[in-house]
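As given, the protein sequences belong to chains W and V, one line each in that order.
Residue numbers for the first sequence follow the working numbering, beginning at 278 and rising by one.
Residue numbers for the second sequence follow the working numbering, beginning at 278 and rising by one.
2 protein chains.
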Amino acid sequence: MNSANTLSPFFEPTGIAIVGARSTAGFGYTIPSNLKKQGWGDRTFLVNPNGGELHGMPVYKRLADVPHSIDLALVIVPAPAVPGILDDIGRLNIKHVIVMSAGFAEAGESGKNLQAETKKIAETYGLNVIGPNCVGVVNTANRFSTAEIMPEVYTPGKLAVIAQSGVFGHNILERINEYGIFISKAVTLGNRLTINEIDMLNYFHQDPDTDMIVMYIEGSENGRLLGQTLKKITPDKPVIVLKSGRTTEGRAATESHTGSLSGEDVLYDGMFAQTGAIRAKTLDELTALTRVFATQPLPKGKNLGIITGSGSMGALATDSAINNGLSVQPLSNETIKKVKEGAPDWMNVKNPLDVGPSGLFPKGFSAMMEDPEIHMVLAIITIPYVVYQPRQASTTIDAAFFASSTPLRERTWPKPFLIAVVSHKQLVGIFKTSTEPNIPVFTSPEKATRSLASLWRYHHWKKEHE
Amino acid sequence: MNSANTLSPFFEPTGIAIVGARSTAGFGYTIPSNLKKQGWGDRTFLVNPNGGELHGMPVYKRLADVPHSIDLALVIVPAPAVPGILDDIGRLNIKHVIVMSAGFAEAGESGKNLQAETKKIAETYGLNVIGPNCVGVVNTANRFSTAEIMPEVYTPGKLAVIAQSGVFGHNILERINEYGIFISKAVTLGNRLTINEIDMLNYFHQDPDTDMIVMYIEGSENGRLLGQTLKKITPDKPVIVLKSGRTTEGRAATESHTGSLSGEDVLYDGMFAQTGAIRAKTLDELTALTRVFATQPLPKGKNLGIITGSGSMGALATDSAINNGLSVQPLSNETIKKVKEGAPDWMNVKNPLDVGPSGLFPKGFSAMMEDPEIHMVLAIITIPYVVYQPRQASTTIDAAFFASSTPLRERTWPKPFLIAVVSHKQLVGIFKTSTEPNIPVFTSPEKATRSLASLWRYHHWKKEHE
């Protein structure tokens with residue numbers, strides 16, 4: 278419904294009114310304070326019928342009293358007061374509104390009626406409304422956030438997040454930062470009074486700060502248009518989607534939540550597959566895919582090279598790679614020759630390459646990285662910490678496994694490369710410190726292979742559609 | 278092939294000979310030292326043709342020179358020397374042998390021949406041989422270990438581990454300890470010259486120190502007998518199995534490893550299902566199932582109560598629960614009544630129960646725990662850390678969520694209870710400290726629901742077969 282650039286006041290407002298600012302605990306208290314802290318004090322204007330002062334800022338009794346032009350209104354008042362406020366907003370010709378208040382379609386019959394009434398007012402004035410029942414937006418580039426977030430979330434990155442649920446959006450932000458991945462912008466949609474996931478997809482498609490999009494939805498009101506939109510975007514930017522409501526019971530659970538109808542899941546499954554969107558099956562997978570897509574180049578083919586110190590782990594990784602559509606082809610003669618130099622008799626030089634305790638991990642790794650027929654590499658570290666610990670003082674994991682004194686976080690390769698450390702948590706920690714965010718470290722081989730398979734499928738789609 | 282009690286010298290030897298003790302780096306150097314450190318110095322006797330002394334212990338030139346009766350021999354010599362050593366062992370009437378040396382069936386044609394030759398000698402003397410190509414055994418009760426393990430692995434627990442691969446066995450031990458779960462005994466089978474997974478299952482079935490068994494195999498030489506054995510054991514003790522070789526390529530990967538033929542995977546799938554064994558699909562799932570089975574009672578039915586601060590997470594958990602065979606039934610009138618007291622208007626009291634920011638988490642949790650129609654509970658914590666952090670000084674997670682000042686690790690319930698913390702890693706850490714090992718904390722809802730579904734299926738099997 279909106280052309281992309283009409284949404285920019287949500288992320289780059291020039292004057293913000295907070296209707297419902299107040300001195301008691303809650304968003305009305307913390308958001309003005311946060312905005313001031315992030316340097317938005319001179320463009321933030323507080324409104325509450327009681328007037329007075331808050332966080333050293335004047336509080337205006339009526340929106341009309343604000344002595345500055347306003348292009349974004351945040352509404353944090355009890356639900357029944359929202360229609361009246363929206364009427365004020367409309368009459369003052371403010372076009373962009375975030376309604377954070379809960380108590381609408383997610384809260385039973387009377388809430389549904391209230392939402393319908395509110396929607397009518399929004400339509401009358403042609404308002405763009407995010408929410409109700411949301412925590413609004415984040416823009417890291419200018420440190421503008423209507424949500425309370427951890428300081429590190431403000432670090433600018435290339436990932437845009439669209440979340441139907443406020444809490445969910447929050448969770449994603451707090452979680453991906455742990456892996457050194459940061460966002461460009463985030464939006465929580467709530468009950469989608471006028472602005473929905475399709476508007477936001479179009480906006481982030483055009484956003485120069487955004488390279489990829491992660492989206493959580495419970496359903497869409499217009500599946501066909503969502504599909505068309507995704508198909509247009511995915512050749513340019515990957516879109517990773519987590520959708521709940523796979524089962525009737527799961528759909529019933531969401532209906533009380535953001536008041537949306539989630540529809541038949543099987544239709545969504547087909548739609549995502551046909552539009553190049555990457556569907557995560559679980560929350561864990563969403564995180565894994567985000568880490569891999571945000572850091573790895575696309576593979577030129579589907580042949581996975583696996584190097585490991587354990588035949589068992591090589592087998593588990595192979596099973597998972599094959600089951601997810603990758604191939605694990607025999608090594609080329611040249612690579613076999615390179616690895617066999619200095620290899621003990623018992624070592625079977627093949628793919629997956631089990632180097633056992635031969636000390637040939639660095640050599641095998643380099644040979645796989647150099648082999649143009651290997652399109653992506655998974656290194657599975659299996660050394661027990663009790664064995665690695667005594668060597669810790671005299672080596673680094675970079676030298677011991679990856680044939681270089683340069684930490685992995687500073688090296689790049691033209692093919693995807695993931696690490697799975699199946700060992701003590703201390704050793705996992707040592708790897709993460711040396712590698713992330715550049716090379717994601719997983720703690721089991723299967724999560725890595727599934728992510729690589731998605732990377733390959735996306736590359737394949739992109740090649741056919743760009 | 279062995280009745281259970283004939284295997285006890287592997288775990289409770291009275292005299293151990295280490296054939297291949299040596300002063301250069303490797304198992305021959307570290308194992309004598311470890312055994313001495315753990316109090317086994319007076320029952321450990323070192324053998325090496327060079328004689329001399331090691332770690333302050335005499336080294337005998339021949340096994341026959343050892344001045345003490347020996348009931349367990351550890352063999353750590355180059356593969357070609359193993360048949361000769363086994364002949365010595367047989368002639369001295371020692372019946373239990375662990376061959377750690379690699380270079381047998383896993384190492385190509387000549388290794389296969391060497392293994393066949395070794396097997397013939399073992400059969401001639403009626404030897405019980407664990408290995409070759411393994412790291413032997415661990416018994417925490419008497420701190421006897423032929424593997425190098427982290428000090429905490431010696432903590433006695435109730436879980437027995439059977440791993441075909443030595444590295445894999447090691448990984449499991451180092452990983453589960455992180456969650457406060459400890460083992461009774463472990464065995465790594467390697468190439469299974471005479472002792473195989475069936476022998477070990479029978480032994481652990483009878484072992485009073487063992488309550489449950491975790492097993493990793495690449496295949497079995499006698500699938501029918503494995504099935505019969507599992508069927509006998511599972512009504513008494515749960516057996517969790519991870520089997521690699523799901524795909525042809527994965528099977529090919531294992532064939533070079535411990536020299537076993539892994540067989541058609543689909544047959545194993547049916548066999549595990551028909552014998553009450555719990556098959557983990559991935560390494561991650563093996564860990565999750567182990568944590569849940571080791572700590573939770575069996576559920577009396579399949580109705581899951583979900584309490585959360587986010588409707589989205591409730592929906593994801595419901596989807597996963599239903600897809601895995603659980604039910605998420607409406608709340609009883611009594612439970613609804615209990616929760617509705619003091620609930621805000623917008624709160625929809627149902628299952629999954631999304632308490633939002635109402636502060637009713639403790640009340641909802643208690644009501645679900647008290648409801649006899651709810652057979653297991655999943656609490657999904659979604660509070661952003663930025664919101665919890667300021668409250669940290671004045672509350673505990675036990676009070677804030679679980680209606681008690683007693684830490685969760687000290688409380689018990691007659692029904693399974695898991696927690697998923699979908700938030701910042703700091704908050705995950707706070708939960709783990711308060712709850713584990715008593716209540717496993719996951720970081721996504723789906724892993725928890727899948728584990729609960731396995732718990733229910735096992736209970737159902739047990740009821741029908743005991």
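Ideal Cβ placement from N, Cα and C applies to all residues, glycine included.
Item: Residue of A529(V), T525(V) and T559(V) minimising C-alpha distance to V543(V); Value: T525(V)
Item: Proximity below 8 Å, CB of P629(W) to CB of T595(W); Value: yes
Item: Bridge partner(s) assigned by DSSP for H373(V); Value: N405(V)
Item: 7 Å Cβ cut-off: residues of chain V touching P629(W); Value: A530
Item: Minimum length 3: unbroken beta strand (DSSP E) runs contained in the region 307-395 of chain W; Value: 321-324, 334-337, 349-352 and 373-376
Item: Listed by chain order, chain W residues near I426(V) by CB distance under 9 Å; Value: P661 and V663
Item: Candidates G446(V), S728(V), T673(V) and L351(V): closest to L323(V) by CA position; Value: L351(V)
Item: Separation of N601(W) from R727(W), as counted between CA atoms; Value: 6 Å
Item: is_contact[T524(V), chain W] using C-beta, thresh 8 Å; Value: yes
Item: P576(W): contacting residues in chain V (beta-carbon distance under 7 Å); Value: Correct list: empty, because the minimum Cβ distance to chain V is about 18 Å.
Item: Any alpha helix (DSSP H) of 4 or more consecutive residues that is wholly inside the region 640-665 of chain V; Value: 662-665
Item: Reduced DSSP category for N715(V) - H, G, I as helix; E, B as strand; rest coil; Value: coil
Item: Own chain partners of A680(V) with C-beta closer than 8 Å, once the 5 adjacent residues on each side are dropped; Value: P639, K640, F642 and S643
Item: Inter-residue Cα distance where the pair is Y662(V) and G706(V); Value: 11 Å
Item: Reduced DSSP category for T672(V) - H, G, I as helix; E, B as strand; rest coil; Value: coil
Item: Three-pair Cβ contact test at 8 Å for the region 689-702 of chain V versus the region 456-467 of chain W; Value: no
Item: Contacts that A302(W) makes with chain V (C-beta to C-beta distance below 7 Å); Value: The contacting residues do not exist; A302(W) stays about 10 Å from chain V at best.
Item: Closer than 8 Å to chain W by CB, K389(V); Value: no
Item: Any C-beta of chain V under 8 Å from that of K724(W); Value: yes
Item: Same chain, Cβ closer than 8 Å to P355(W), neighbours up to 5 away in sequence not counted; Value: S378 and G380
Item: Start-to-end residues for the beta strand (DSSP E) that takes in N416(W); Value: V414 to N416
Item: Assumed close pair D513(V), A437(V) - CB separation to whole angstroms, cut-off 8 Å; Value: At roughly 13 Å, the Cβ-Cβ gap does not stay under 8 Å, so D513(V) and A437(V) are not in contact.
Item: Three or more C-beta pairs below 8 Å linking the region 596-616 of chain V and the region 674-688 of chain V; Value: no
Item: Neighbour list for V699(V) in chain W, Cβ cutoff strictly below 8 Å; Value: N448, R452 and L560
Item: Proximal residues to L349(V) (C-beta, below 6 Å), its chain only, five neighbours per side dropped; Value: P286, P290, I293 and H373
Item: I510(V) - DSSP class collapsed to helix/strand/coil; Value: helix
Item: Beta-carbon separation (whole angstroms), L563(V) vs A557(V), contact threshold 8 Å; Value: 4 Å
Item: First and last residue of the uninterrupted alpha helix (DSSP H) at T564(W); Value: L560 to T572
Item: Residues, ordered as in the chain, of the region 612-628 of chain V that lie near chain W by beta-carbon distance below 7 Å; Value: D622, W623, N625 and K627
Item: Neighbour flag for A463(V) against chain W, beta carbons, 8 Å; Value: no
Item: Sequence-distant residues of the same chain with beta carbon closer than 7 Å to A298(V), five excluded per side; Value: G305, P309, L323, V324, N325, L331 and V336
Item: Three-pair Cβ contact test at 8 Å for the region 393-412 of chain V versus the region 470-482 of chain V; Value: yes
Item: Chain-order list of residues whose beta-carbon lies under 7 Å from that of K627(W) (same chain, five-residue window excluded); Value: P607 and L608
Item: Residues from the region 478-498 of chain W in contact with chain V, defined by Cβ distance under 9 Å; Value: Y493 and E495
Item: Chain W contacts from the region 586-597 of chain V (Cβ-Cβ distance under 9 Å); Value: G586, S587, G588, S589, M590, G591, A592, L593, A594, T595, D596 and S597
Item: Close Cβ partners of D648(W) (< 8 Å) along its chain, the five nearest in sequence each way excluded; Value: G582, L608, S609, E611 and T612
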